[in-house]
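Have a look at the structure below before the remarks.
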Amino acid sequence: AQRVTQPEKLLSVFKGAPVELKCNYSYSGSPELFWYVQYSRQRLQLLLRHISRESIKGFTADLNKGETSFHLKKPFAQEEDSAMYYCALGGAQKLVFGQGTRLTINP
Amino acid sequence: DAGVIQSPRHEVTEMGQEVTLRCKPISGHNSLFWYRQTMMRGLELLIYFNNNVPIDDSGMPEDRFSAKMPNASFSTLKIQPSEPRDSAVYFCASSLPRGTGELFFGEGSRLTVL
Numbered sequence: 001a002q003r004v005t006q007p008e009k010l011l012s013v014f015k016g017a018p019v020e021l022k023c024n025y026s027y028s029g030s031p032e033l034f035w036y037v038q039y040s041r042q043r044l045q046l047l048l049r050h051i052s053r054e055s056i057k058g059f060t061a062d063l064n065k066g067e068t069s070f071h072l073k074k075p076f077a078q079e080e081d082s083a084m085y086y087c088a089l090g091g092a093q094k095l096v097f098g099q100g101t102r103l104t105i106n107p
Numbered sequence: 108d109a110g111v112i113q114s115p116r117h118e119v120t121e122m123g124q125e126v127t128l129r130c131k132p133i134s135g136h137n138s139l140f141w142y143r144q145t146m147m148r149g150l151e152l153l154i155y156f157n158n159n160v161p162i163d164d165s166g167m168p169e170d171r172f173s174a175k176m177p178n179a180s181f182s183t184l185k186i187q188p189s190e191p192r193d194s195a196v197y198f199c200a201s202s203l204p205r206g207t208g209e210l211f212f213g214e215g216s217r218l219t220v221l
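From first to last, the protein sequence lines stand for chains A and B. Each residue of the first sequence is one higher than the one before, counting from 1 in my numbering. Each residue of the second sequence is one higher than the one before, counting from 108 in my numbering.
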């Protein structure tokens, strides 16, 4: 079975501070991991995917198969990063999401 | 393209009433997904279709929920009878055939059952 765990429902950091949103997964196959973001009054949208190994809006995420983790990181948080973040696991044609973490960046 | 289109955006109904949510996927996308979003459980996959055929409905909470996809450009999620615990935001999403794994979401339908 596919399972995604985001242990923090809420995360609050100050502008300029580093951010790390945690994500752990459980899957017996070869995982495809994604981070999706939902800004206020906007649609849920893809932020980044592990296979691309890219940095989007300063965010990066590394797949650690040994720890079954895919944490999202940004060295210096900005106020516009405030949003709901979902980690997602793809496999067997479907995408399973974690519970989400609401990130608030304080000025 | 206007993206995935969902209707209604908001629905307020009374317990026991039938609710029908509608979704138009992006043209050319052959996979369609219905998700439910709540504070407690986050985003839960209810059901998904490939080429209009339901593939996995294991996330459908109970028999009160049903979903159909009569053609490539339309899907419905029906709740009959509705209950207060069904109150949530229901999202529809579509994706390309064997694409990059990216889902394109609609704006959601916020359902309130009194």
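Just so it is clear, CB atoms sit at the ideal spot from N, CA and C, and this is done for glycine as well.
- Taking a Cβ-Cβ cut-off of 9 Å, F172 (chain B) has no neighbours in chain A, whose nearest Cβ is about 17 Å from it.
- When DSSP states are grouped into helix, strand and coil, D163 (chain B) belongs to the strand group.
- For W141 (chain B), the closest of B:V220, B:R192, B:K185 by C-alpha to C-alpha distance is B:K185.
- Beyond the five residues adjoining it in sequence on each side, Q124 (chain B) comes within less than 6 Å, by CB distance, of S189 in the same chain, given in chain order.
- Annotation: K57 (chain A) to E121 (chain B) spans about 43 Å, alpha carbon to alpha carbon.
- Under the 8 Å criterion on CB atoms, G123 (chain B) is classed as non-interfacial with respect to chain A.
- By the rule that beta-carbons nearer than 8 Å mark a contact, R53 (chain A) does not touch chain B.
- Note that the C-beta distance between A200 (chain B) and G213 (chain B) is below 8 Å.
- Interface residue (Cβ-Cβ distance to chain B less than 8 Å): K94 (chain A) is classified as such.
- Residues of chain B with a Cβ closer than 7 Å to the Cβ of L46 (chain A) are, in chain order, E209.
- Between L203 (chain B) and G135 (chain B), the alpha-carbon positions lie close to 7 Å from each other.
- Any Cβ of chain B closer than 8 Å to the Cβ of Q78 (chain A) would place that residue at the interface, and such an atom is absent.
- In the DSSP assignment, K57 (chain A) falls outside any beta strand (DSSP E), carrying neither H nor E.
- Residue-level contact check: G135 (chain B) does not touch chain A, since none of the beta carbons of chain A fall below 8 Å from its beta carbon.
- Per DSSP, the continuous beta strand (DSSP E) segment holding V4 (chain A) begins and ends at 3-5.
- Here G100 (chain A) is not near L152 (chain B), since their CB atoms are 8 Å or more apart.
- Only exposed fits M146 (chain B), as fewer than 16 other CB atoms lie within 10 angstroms of its CB.
- A Cβ-Cβ distance of about 7 Å is found for the pair I162 (chain B) and Q93 (chain A), placing them in contact under the 8 Å criterion.
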